[in-house]
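To start, the structure under review is shown below, and the notes come after it.
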Ligand SMILES: [Fe+2]
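Right, here's the structure in full:
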């Protein structure tokens, strides 16, 4: 992602998005600055700490044997199950020693260019709030459980940590070409919903999968979804669904391969060749695909979320 025809911006300060760059219009709360960082992580009530503990315990019932080994190691090394919502300061200290990353609190979803800037500086912006008992099973807006439990363990792995930083740097280039959708699809199918080979087994490493029990099982075991080896060009042309289980997952061999596949790619050329929309539907299997499992799509054909269809 670093190969470029134009010089990369200076990532030490927040670059200004140019007038031609598309940026989602998010209303910045009055109490945060241009970096969108909360002055401090909030204090959680004992009920909120309990919600974290219950979510953590529920995930530990389903993760062994389904989550990537490096994810499980990260959970362990960072001791995310020590009780209650983790303290970002303490977490950043431990993570800093391992890979130089830190975790910083933000109030909500933040604009793309600010998100990329934090990643490029090895800061992971994490939602400050935690879901309630009423939204225990599903929330669309990422909360502290999704962001910290789902994303932070792999930041303890040096290769994955480098991939995330490169992704942040690449974001600026995608914005210059107005191809954020394409880069967003890469994030979606790797960082949020990625699978990885471990020997002959497929395991999950994406945060969107590993922060909930249903998709943890569905992604690696169900017959419905396609499982296809990741091809970066193809994935960046593929549509995705944000409010249901994925009809297709893409599988990597290793984080090293993912890092090289993306860092060494000529993104200038790729962005020039991409159209503004997606080429492939999220259920499509195409000629060039290296298919591990061709899904029945039964779950989605029966109506998906809200229809009562079983995630099989
Ligand atoms: Fe996420």
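Numbering (our numbering), first residue to last: 66 to 377. The C-beta atom is built at its ideal place from N, Cα and C for all residues, glycine as well.
(request) With DSSP as the reference, label residue 167 as helix, strand or coil. (result) Collapsing the DSSP output to three states places residue 167 in a strand.
(request) Answer yes or no: the CB of residue 217 versus the heavy atoms of ligand 1, is any distance below 8 Å? (result) no
(request) Any chance you could list the alpha helix (DSSP H) runs of at least 4 consecutive residues sitting entirely within the stretch 313 to 372, in chain order? (result) 320 to 328, 332 to 338, 363 to 366
(message) Do residue 353 and residue 291 have their beta-carbon atoms positioned less than 9 Å apart in this structure?
(response) no
(message) Counting beta carbon pairs with one atom in the stretch 133 to 143 and one in the stretch 218 to 226, are three or more of them shorter than 8 Å?
(response) Between the stretch 218 to 226 and the stretch 133 to 143 there are three or more C-beta pairs closer than 8 Å, enough to call the two in contact.
(request) Tell me whether residue 153 sits in a helix, a strand or coil according to DSSP, three-state version. (result) helix
(message) On the DSSP letters alone, give me the boundaries of the alpha helix (DSSP H) that residue 268 sits inside.
(response) Taken as a continuous stretch (DSSP letters only), residue 268 belongs to no alpha helix (DSSP H), being part of the beta strand (DSSP E) at 266 to 269.
(message) I want to check one thing, is the minimum distance from the CB of residue 273 to the heavy atoms of ligand 1 below 8 Å?
(response) yes
(message) Please identify the residue among 163, 178, 159, 192 whose C-alpha is closest to the C-alpha of residue 169.
(response) 192
(message) With H, G and I counted as helix, E and B as strand and the rest as coil, what does DSSP make of residue 245?
(response) helix
(message) I need the straight-line Cα distance from residue 370 to residue 181, nearest angstrom please.
(response) Cα-Cα distance, rounded: 31 Å.
(message) Assuming contact is defined by CB atoms lying nearer than 9 Å, are residue 232 and residue 256 in contact in what I supplied?
(response) A Cβ-Cβ contact shorter than 9 Å links residue 232 with residue 256.
(message) With a threshold of 6 Å on Cβ separation, who are the neighbours of residue 116 within its own chain once the five nearest residues in sequence on each side are excluded?
(response) 195
(request) Could you tell me the distance, in whole angstroms, from the CA atom of residue 67 to the CA atom of residue 235? (result) No answer about residue 67 holds up, because its pLDDT of 48 lies below 50 and its placement is not dependable.
(request) Spatial neighbours of residue 189 within its chain, please: CB distance less than 8 Å, with the 5 preceding and 5 following residues excluded, ordered by chain position. (result) 166, 167, 168, 169, 183, 212, 216, 217, 220, 229
(message) Quick check on DSSP: helix, strand or coil for residue 192?
(response) strand
(request) Within its chain, find whatever has a CB closer than 7 Å to the CB of residue 208; leave out the 5 residues flanking it on each side and keep chain order. (result) Same-chain partners within the cutoff: 192, 194, 195, 196.
(request) With residue 263 as the anchor, note down where its beta strand (DSSP E) starts and where it stops. (result) Residue 263 -> beta strand (DSSP E) spans 260 to 263.
(message) ligand 1 and residue 257: does any heavy atom of the ligand fall closer than 8 Å to the residue's C-beta?
(response) With a cut-off of 8 Å, the C-beta of residue 257 is classified as near ligand 1, since at least one heavy atom of the ligand falls inside that distance.
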